[in-house]
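**Q**
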Amino acid sequence: MKKHIIYILLIFTIPVYFITGCKKSDFDNNYSNPEKTVNSNIEGLFAGIFDNGRVMPRYWNLYTFHIPMLGAYSQTIGYGNGSKIYEQAINYTENRWTDYYTGTIARYRELEKKYSTYADGSIEKTGYQLFLEIARLFVYDQTAQIVDMWGDIPFSTAGQLNATGGDIILASYDTDKDLYSFIQQDLKRIADYLATATPDPFYTGQLQKSDYVNDGSILKWRKYCNSLRLRLAMRTSYSDESGSKAIVQEILGNPTQYPVVDNIDETIQIVAEGSLVSGDMESGFGINSLAPGYMVEDLMNPSHDPRLPVIFSANKNGEYHGVINTWSATRQTDSTTAGYYSRYDSVTFIKNRNFPGIILTASEVSFIKAEAYERWGGGDARAAYEEGIKQSIDFYYYLNHLNDSWGGHETPPTPLAVNNFLADPMVAYGADQVENLKKIGTQKWIDFGIMQANQAWAEYKRTKYPALNFPTDASSTLSPNPPVRLLYPSTERILNTKNYEAVASKDNVTTKVFWDVK
1 MKKHIIYILL IFTIPVYFIT GCKKSDFDNN YSNPEKTVNS NIEGLFAGIF
51 DNGRVMPRYW NLYTFHIPML GAYSQTIGYG NGSKIYEQAI NYTENRWTDY
101 YTGTIARYRE LEKKYSTYAD GSIEKTGYQL FLEIARLFVY DQTAQIVDMW
151 GDIPFSTAGQ LNATGGDIIL ASYDTDKDLY SFIQQDLKRI ADYLATATPD
201 PFYTGQLQKS DYVNDGSILK WRKYCNSLRL RLAMRTSYSD ESGSKAIVQE
251 ILGNPTQYPV VDNIDETIQI VAEGSLVSGD MESGFGINSL APGYMVEDLM
301 NPSHDPRLPV IFSANKNGEY HGVINTWSAT RQTDSTTAGY YSRYDSVTFI
351 KNRNFPGIIL TASEVSFIKA EAYERWGGGD ARAAYEEGIK QSIDFYYYLN
401 HLNDSWGGHE TPPTPLAVNN FLADPMVAYG ADQVENLKKI GTQKWIDFGI
451 MQANQAWAEY KRTKYPALNF PTDASSTLSP NPPVRLLYPS TERILNTKNY
501 EAVASKDNVT TKVFWDVK
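In the working numbering, the protein residues as written are 1 to 518.
1) Is it buried or exposed, Thr414, if we count other Cβ atoms within 10 angstroms and call 16 or more buried?
2) Note down the Cα distance separating Pro34 from Gln208, rounded to an integer number of angstroms.
3) Identify the residues that DSSP records as bridge partners of Pro154: which are they?
4) Gln269 lies in the beta strand (DSSP E); which residues open and close that run?
5) Please name the residue, chosen from Gly71, Leu137 and Thr472, that lies closest to Phe448 on a Cα-to-Cα basis.
6) Give the range of the alpha helix (DSSP H) segment to which Leu252 is assigned.
7) Might you give, ordered along the chain, the residues of its own chain that have their beta carbon closer than 8 Å to the beta carbon of Asn95, omitting 5 neighbours on each side?
8) Using a Cβ-Cβ cutoff of less than 8 Å, which residues in the same chain neighbour Val517 once the five nearest sequence positions on both sides are dropped?
9) Note down, in chain order, each residue of its chain lying with its Cβ closer than 8 Å to the Cβ of Ser303, except the 5 sequence neighbours on either side.
10) Check this for me: beta carbons of Ala106 and Ser210, under 7 Å apart or not?
11) DSSP state of Ile494, grouped into three classes?
12) Find the nearest neighbour of Lys316 within the set Arg343, Ser328, Val260 and Leu252, judged by alpha-carbon distance.
13) Using the three-state DSSP reduction, which class does Val323 fall into: helix, strand or coil?
14) Taking 6 Å as the limit between beta carbons, can you name the residues of its chain near Glu87, skipping five residues before and five after?
15) Pick out the complete alpha helix (DSSP H) segments inside the stretch 301-363, 4 residues or longer, and give them in chain order.
16) How many whole angstroms separate the CB atoms of Gly357 and Met56, which I take to be in contact at a CB cut-off of 8 Å?
17) What are the uninterrupted segments assigned as alpha helix (DSSP H) that are 4 or more residues long and contained completely in the stretch 456-497, given in chain order?
18) Do we get a CB-CB distance below 7 Å when we pair Asn226 with the residues of chain B?
19) Quick check on DSSP: helix, strand or coil for Pro68?
20) Whole angstroms is fine: what's the gap from Ser519's alpha carbon to Ser181's?
21) Give the straight-line distance between the Cα atoms of Ala519 and Arg307, rounded to the nearest whole angstrom.
22) Name the two residues that bound the continuous alpha helix (DSSP H) containing Arg235.
23) Take the Cβ of Glu319 as the centre, count every other Cβ of all protein chains shown within 10 Å, and call the residue buried at 16 or more, exposed below.
24) Would you call the CB atoms of Pro68 and Asn254 closer than 7 Å?
25) According to DSSP, simplified to helix, strand and coil, what is Pro413?
26) How is Pro292 classed by DSSP in three states: helix, strand or coil?
27) Figure out for me which residue from Lys390, Glu266 and Met281 has the closest Cα to the Cα of Leu62.
28) Using 8 Å as the cut-off, can you tell me whether the stretch 329-342 makes contact with the stretch 367-384, which would need three or more C-beta pairs spanning the two stretches below that distance?
29) Give every residue of the same chain whose Cβ lies closer than 7 Å to the Cβ of Asp380, excluding the five residues on either side of it in the sequence, and list them in chain order.
30) Taking the alpha helix (DSSP H) that Asn400 belongs to, which residues open and close that run?
31) In terms of residue numbering, what span does the alpha helix (DSSP H) encompassing Gln206 cover?
32) Would you mind sorting Phe18 into buried or exposed? The rule is 16 or more other CB atoms within 10 Å of its CB.
33) Which of the three DSSP states is assigned to Asp215 in this structure?
34) Can you find the residues in the same chain that come closer than 6 Å, C-beta to C-beta, to Tyr100, ignoring five residues on each side of it along the sequence?
35) For the candidate residues Thr472, Gly407 and Val323, whose alpha-carbon lies nearest to that of Gly80?
Structure follows, in structure tokens:
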């Protein structure tokens, strides 16, 4: 089945020339089902939703947005102390915003529209509900990520062009808090639906053909759904502790009804069919592949972290060093020229054409469990924390071994080496809750790394762990310090003016997302 990214604009921020120049037939032609029928159908529309260049490690996203901005704001990439280092590249943040609406939302609305053509109570509508609910789960995940970066966004009335027969609706903004609440409620509904769904074998067979995330496994979709619920509940746990605690305890207290991702074999990911486009990862990293200073110098080196050789490459002296952001720009440049800094590893990252699109990992779930148990009881926080670290180590070595065309693989650490790492004073779990939460947050941040810099940035904003140092950039009046949110695209001010006015007062780099309260 071909996977194409199309550019039919179905949303509120849509120039007239795009409306007149794009036909529904364009969409139908781009999304035929795996059997290559002529007309668009549920299976093809469903599969198209997951063709996402912001999930797969594609050049454009990595090079223009993910690494230079989210990597810098989360300090998961090494960057130099140049001029205006924290200012957003607004053309590229607009690209990210537009991709969400013209890709994820537009395709989802088209799927909703197709589903609505089936008669209520019909075999088709009952069978295809499975596709629609799974698609919603993924859309909600992507939507929460947009909220984490921008705050209030249009959602409930966005992407309605085809549904209205061509009438343009300028979409209003949902508040970040309301949208998170809606997503959490509907994820629970989806979780309960998936737990009891008994679709006709024809539809499960069609799902298996169309599903290149979980290969048609309803159990894995259930685990994804409940693990995502955990992520979002923990994200709001400082702004609404009682509500978050109730959700987390409901899930963790009933693993039969609400199973979660437990091991790396259950990683939620999109695997490239064949391999990535040649050079996608290498071009995506470009010159932005230097190791971050605090992560390497202050955490991984001193604790002899066994992930070092699969996350970073040693310098010419066989040592691991990252960019220290308190050094002068001149000293940083000289050190780069001298080959002093490590870079992200070539086998695991740069030259790895089999690198997957990571959606949600077992290690993240284990770290969520550890934090929940530490704060609220109900389980063994130490065991969950140590399991998260072990899963993180295993996952990075798994990624290293996916590269089957370039370089040699690193030998995984022995159980003794892992146990020694867990016993290191910088890592070892103790009796002090504040220190334990700090270690959980720090290890989770290391685990996210550059490829999940969006999650690393969100979690850093939520927990303030680890205690990162960002020198003030005196050259900038717009953003002398890292932003806590992204600025809305100029197209919103120009083309969605009335609705933008309702959020204009929040459109700055210092207004926090509702859950960012620490």
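Just so it is clear, CB atoms sit at the ideal spot from N, CA and C, and this is done for glycine as well. Just so we're clear, the structure is a prediction, and the values are computed from it rather than from any experiment.
**A** Reading it off the structure:
1) exposed
2) Because Pro34 sits at a pLDDT of 35, beneath the cut-off of 50, its placement in the model cannot be relied upon, and the point is left open.
3) Tyr173
4) Ile268 to Ile270
5) Gly71
6) Glu241 to Leu252
7) Trp60, Thr64 and Phe65
8) Tyr238 and Ser239
9) Phe421, Asp424, Met426 and Val427
10) no
11) helix
12) Arg343
13) strand
14) Ser476, Leu478 and Ser479
15) 308-311 and 329-337
16) 4 Å
17) 490-495
18) Protein chains in the displayed structure number just one, and chain B is not present.
19) helix
20) Not covered by the structure: residue 519. The range shown for the chain is 1 to 518.
21) The displayed coordinates of the chain run from 1 to 518. Any statement about residue 519 would go beyond what the structure contains.
22) Ile218 to Arg235
23) exposed
24) no
25) coil
26) strand
27) Met281
28) no
29) Tyr373
30) Ala381 to Leu402
31) Pro201 to Ser210
32) With a pLDDT of only 26 at Phe18, under 50, the local geometry of the prediction cannot be trusted, and the value read off the model is given with reservation. Exposed is the call here.
33) coil
34) Ile146
35) Val323
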